[in-house]
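Notes for the one structure printed next.
Residue numbers (the numbering used here): 64 to 322.
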């Protein structure tokens with residue numbers, strides 16, 4: 064589910080369908096919680112935001128339903144989604160771990176292969192989440208991407224979209240040409256005879272660092288056309304959700320800075 068968009072739709076109902084006004088009120092309430100050093104009660108939030116208690120109560124219900132705030136007794140504070148997003152790059156991993164599972168399950172069910180999402184962390188591919196069956200390959204938590212042309216599709220995509228992969232090259236550089244081709248078509252495919260696996264990966268948009276969505280199966284048992292189609296569709300849907308989430312978080316940051 065698109066958390067950010069569904070939140071917008073529910074907030075639209077708080078002020079008779081005026082979405083911008085409803086979102087503004089939600090940002091004011093959330094910003095008050097973010098900037099407070101202690102958890103706040105409904106009365107305190109109403110006083111701080113100068114909004115009616117009934118309005119604040121409805122806004123809190125929507126924010127709580129989507130994990131943006133948590134309630135303890137009669138007090139509220141920012142939830143894990145908000146706090147992780149404010150922590151920068153570590154927040155990216157937390158964000159992907161929190162929201163990627165339904166998309167990976169979809170990929171795994173469509174193809175029968177291991178579905179994973181990975182981010183570039185320093186010189187390594189950090190596999191932050193994966194869905195696999197009892198007969199499908201499992202990925203390690205980290206894998207190097209430091210070689211000129213990595214041996215997995217995941218690492219190739221991360222390398223291609225990282226700063227090193229896009230740096231200037233000499234007049235004849237086969238590895239750089241391959242990375243350029245990956246960026247051109249938006250896909251990497253590797254048949255690894257050594258580890259007996261086939262992997263295919265695509266880049267994911269809407270993230271602060273290079274991120275790859277991938278399918279990994281047994282050697283030459285992956286239908287590349289079907290896998291590529293499924294990956295691109297899911298990457299588009301997940302990327303759209305991440306972009307919407309970023310837009311909401313930007314509003315939160317702006318509202319918090321004005322408090």
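All C-beta atoms in this analysis are idealised placements derived from N, C-alpha and C, irrespective of residue type, glycine included.
- Per DSSP, residue 246 is one residue of the alpha helix (DSSP H) stretching across 237 to 248.
- When the beta-carbon positions are compared, residue 202 and residue 141 stay at least 8 Å from each other.
- DSSP links residue 280 through a beta bridge to 261.
- Residue environment analysis places residue 273 among the buried positions, since at least 16 neighbouring C-beta atoms fall within 10 angstroms of its C-beta.
- For residue 141, there is no enclosing alpha helix (DSSP H); the residue is found in the beta strand (DSSP E) stretching over 138 to 141.
- Between residue 167 and residue 181, the gap from beta carbon to beta carbon reaches 8 Å or more.
- Per DSSP, the continuous alpha helix (DSSP H) segment holding residue 122 begins and ends at 116 to 128.
- For residue 172, the enclosing alpha helix (DSSP H) begins and ends at 164 to 174.
- If you compare the alpha carbons of 86, 138, 115 and 309 with that of residue 100, the shortest gap goes to 138.
- Here residue 310 is actually not in contact with residue 216; their C-beta atoms are around 30 Å apart, not less than 8 Å.
- Counted as a single uninterrupted DSSP element, the alpha helix (DSSP H) harbouring residue 220 occupies residues 216 to 224.
- Beta-bridge partners of residue 134 (DSSP): 139.
- DSSP places residue 101 in the coil class of the three-state scheme, outside both helix and strand.
- Beta-bridge analysis with DSSP links residue 183 to 188.
- Per DSSP, reduced to three states, the secondary structure at residue 285 is coil, with no helix or strand assignment.
- With a beta-carbon spacing of about 16 Å, residue 249 and residue 305 fall beyond the 8 Å limit used to define contacts.
- Scanning its chain for C-beta atoms nearer than 7 Å, with the 5 sequence neighbours on each side dropped, one finds around residue 256 the residues 282, in chain order.
- Collapsing the DSSP output to three states places residue 252 in a strand.
- Going by C-alpha positions, residue 194 is about 10 Å away from residue 172.
- A Cβ-Cβ separation of about 5 Å places residue 263 in contact with residue 290 under the 8 Å criterion.
- Residue 271 sits in coil when the DSSP states are folded into three classes, being neither helix nor strand.
- Between the alpha carbons of residue 275 and residue 225 lies a gap of roughly 11 Å.
- Across the structure, residue 115 and residue 132 are spaced so that their CA atoms are roughly 19 Å apart.
- Counting only the Cα atoms, residue 242 lies some 49 Å from residue 102.
- In this structure, the alpha-carbon of residue 108 lies about 34 Å from that of residue 165.
- Rounded to the nearest angstrom, the Cβ distance from residue 170 to residue 293 is 6 Å, consistent with a contact under 8 Å.
- Distance check between residue 183 and each of 197, 174, 155 and 200 places 155 closest, using alpha-carbon atoms only.
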